[in-house]
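Numbering (our numbering) for the sequence shown: 8 to 405.
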Amino acid sequence: MTISPKPLSVAVIGAGMAGRSHAAGYRNVNTVFGAGLPPVRLAAIADAHVELGEDAARRYGFEKALPSWEAVVEDPTIDAVSIVVGNALHRPIAEALVAAGKHVLCEKPLAGSLEDARAMAELERSVEVVTAVGYTFRRAPAVAAIRDHVQRAELGDPTLFSGRYWCDYATDPNGPLSWRFKGGPGSGALGDLGSHVIDIAEYVAGPIVSVSGAALSTQITKRPLPLGAVVGHRAAPVSDESGEVENEDSAAFTARFESGLVGTFSVTRTGFGLPNGLCFDVLGVGGRAAFDQHRPAEYLFDDAQPDARTRGTRQIIVGPQMPYFAGGVPMEAPGVGAGNGDNFTYQARAFLDQIVGVAEPLPACATFSDALRTMEIIQAVVASSRTGGAAVPVPAVA
């Protein structure tokens, strides 16, 4: 394949922890999976917190820091952009970028409201640029391998999906009242964490058709107001004044899949001692698979081996036999590990593969329409919680 000599110019809007992960991903895209992409120009990182943006640009080798997302829109040399800022800003930024002819990779959840998400999905249908959403855990080799087991019917008929995302970033009642604690029901732990585990559930086990038994709760109802910018989940100086938390700290619900499979889900941002506790199990009549993000370089697998004496759960070490690993890490040997940073590199590479149209692309990123569906499921969970856990149907896959 002939690689275009013209560089592909990329930018990141947002210099927080997720924005830096996108920046690192772009920096590494031409180190994985061989030839295929043109040179990637690391053009700019934009953030209203100028010092933060300048630090991120320096760390990840971008040419400059810009003080606003509008400056990225106005730069005609930038081809592709990641949006990694507060959810309520996703729609106006995406609309402006698309109007300027730029390709867009938007962090999840898609938007701050269902209305905005629907508008973004409608926009996607009418444009020629690539629009994508960052569901990074799809790129974990172990998660992709479990999906392959399910699709090949190696677990037999699936009987249960159980997923949870338990984190501790909001356990401190003195943590500042950032944008993450604003917005109505569904925009808290459900939107932040639930969007990932819902996407994984459908990615692995197929469409969800209804939810029920939902309950939402807020453990810390007031938080101190910050005195300045808040970056990610970090502590920050706060005032003596406090404000109301507007969304949920924890949520749980059940689901029914199109296949007849049933599922159980729980999420929390106030789970002490769990920095990034994404886990799921898929059970079938002939096998079981399980993943724990705290141990990302492995998964558990069990099936009906011919000899009952040797049956039992096995630890499968991630290696070149799994998706993404071969060609995706410098040392292609089982047991050397693969982590969150690698997933962002694979995601960035998949996004740029779509833009360039390479001969053998990575699996395409989720679309705006895919992410709208996740938000529709979240709103169904909220509706179920408001009706005492009643079953609520989910719109069919378009």
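Yeah, the Cβ is synthetic: ideal placement off N, Cα and C, and Gly gets one too.
Quick one, are the C-beta atoms of residue i and residue j less than 8 Å apart?
i: S16; j: R48; result: yes
i: F188; j: N283; result: no
i: I385; j: I215; result: no
i: V80; j: A107; result: yes
i: A126; j: L117; result: no
i: G170; j: F272; result: yes
i: A63; j: A30; result: yes
i: T277; j: I227; result: yes
i: P14; j: P45; result: yes
i: I153; j: Y306; result: yes
i: G32; j: A355; result: yes
i: K109; j: I85; result: yes
i: I362; j: V134; result: no
i: P148; j: F308; result: no
i: S185; j: V245; result: no
Measuring only the C-alpha atoms, how far is residue i from residue j?
i: D54; j: W173; result: 29 Å
i: E248; j: G235; result: 13 Å
i: D314; j: A258; result: 42 Å
i: G141; j: S75; result: 21 Å
i: E102; j: A87; result: 14 Å
i: G346; j: P303; result: 6 Å
i: L146; j: A398; result: With the sequence shown as reference, residue 146 is identified as Arg, and Leu is not the correct amino acid for it. Rounded to whole angstroms, R146 to A398 spans 32 Å at the Cα level.
i: M8; j: N35; result: Residue placement at M8 is poorly supported in this model, since its pLDDT is 44, which falls under 50; the coordinates are not used for a value here.
i: V401; j: S217; result: 5 Å
i: V325; j: V343; result: 8 Å
i: S28; j: A221; result: 32 Å
i: E1; j: Y353; result: Residue 1 is absent from the structure shown; the chain starts at 8 and stops at 405.
i: L112; j: A262; result: 29 Å
i: G3; j: A371; result: Outside the shown range of the chain (8 to 405) lies residue 3, about which nothing can therefore be said.
i: G396; j: K71; result: 50 Å
i: D349; j: V57; result: 27 Å
i: A387; j: G270; result: 15 Å
i: D199; j: R316; result: 44 Å
i: V389; j: G195; result: 11 Å
i: T427; j: V150; result: The structure shown does not extend to residue 427, since the chain is modelled only from 8 through 405, so no value can be given for it.
i: F264; j: G43; result: 38 Å
i: P183; j: S392; result: 27 Å
i: A242; j: E367; result: 43 Å
i: L232; j: V289; result: 42 Å
i: V336; j: V365; result: 20 Å
i: G163; j: L121; result: 36 Å
i: A160; j: D310; result: 11 Å
i: G410; j: I100; result: As shown, the chain starts at 8 and ends at 405. That puts residue 410 outside it, with no answer to give.
i: G119; j: G334; result: 36 Å
i: F437; j: M382; result: No information on residue 437 is available, as it lies outside the stretch 8 to 405 that the chain covers here.
i: F358; j: A373; result: 10 Å
i: L197; j: T225; result: 12 Å
i: V252; j: Q312; result: 51 Å
i: L96; j: D256; result: 22 Å
To the nearest whole angstrom, what separates the beta carbons of residue i and residue j, a pair I think is in contact under 8 Å?
i: F3; j: S219; result: Nothing can be reported for residue 3: it is not among the residues displayed for the chain, which extend from 8 to 405.
i: D175; j: F279; result: 5 Å
i: L268; j: T166; result: 7 Å
i: H203; j: L285; result: 7 Å
i: L73; j: V105; result: No, L73 and V105 are not in contact; Cβ-Cβ is about 19 Å, not under 8 Å.
i: L379; j: A128; result: 4 Å
i: G250; j: K229; result: 7 Å
i: P327; j: E339; result: 5 Å
With a threshold of 8 Å between beta carbons, is residue i in contact with chain C?
i: E265; result: Absence of chain C from the displayed structure is noted, only one protein chain being present.
Shorter than 7 Å, the distance from the beta carbon of residue i to the closest heavy atom of the ligand SAM, or not?
i: D155; result: The ligand SAM is not among the ligands present in this structure, which contains no ligands whatsoever.
Three or more C-beta pairs under 8 Å: does that hold for the stretch 85-104 against the stretch 17-28?
yes
Pick out the complete alpha helix (DSSP H) segments inside the stretch 60-116, 4 residues or longer, and give them in chain order.
76-81 and 97-106
With contact counted as at least three CB pairs below 8 Å, one residue from each stretch, are the stretch 134-149 and the stretch 188-200 in contact?
no
Cβ contact check for the stretch 285-305 and the stretch 319-332: 3 or more pairs under 8 Å:
yes
Whole beta strand (DSSP E) elements within the stretch 15-47, 3-residue minimum:
15-20
List in chain order: all unbroken alpha helix (DSSP H) runs of 4+ residues lying wholly within the stretch 117-198.
121-132 and 148-158
Please give the ranges of any alpha helix (DSSP H) in the stretch 365-393, keeping only runs that are unbroken, at least 4 residues long and fully inside the region.
375-393
Ranges of the beta strand (DSSP E) found wholly within the stretch 272-334, counting only runs of at least 3
284-291, 294-299, 305-310 and 321-324
Entirely enclosed beta strand (DSSP E) segments - the stretch 194-250, minimum 3 residues:
215-224 and 229-233
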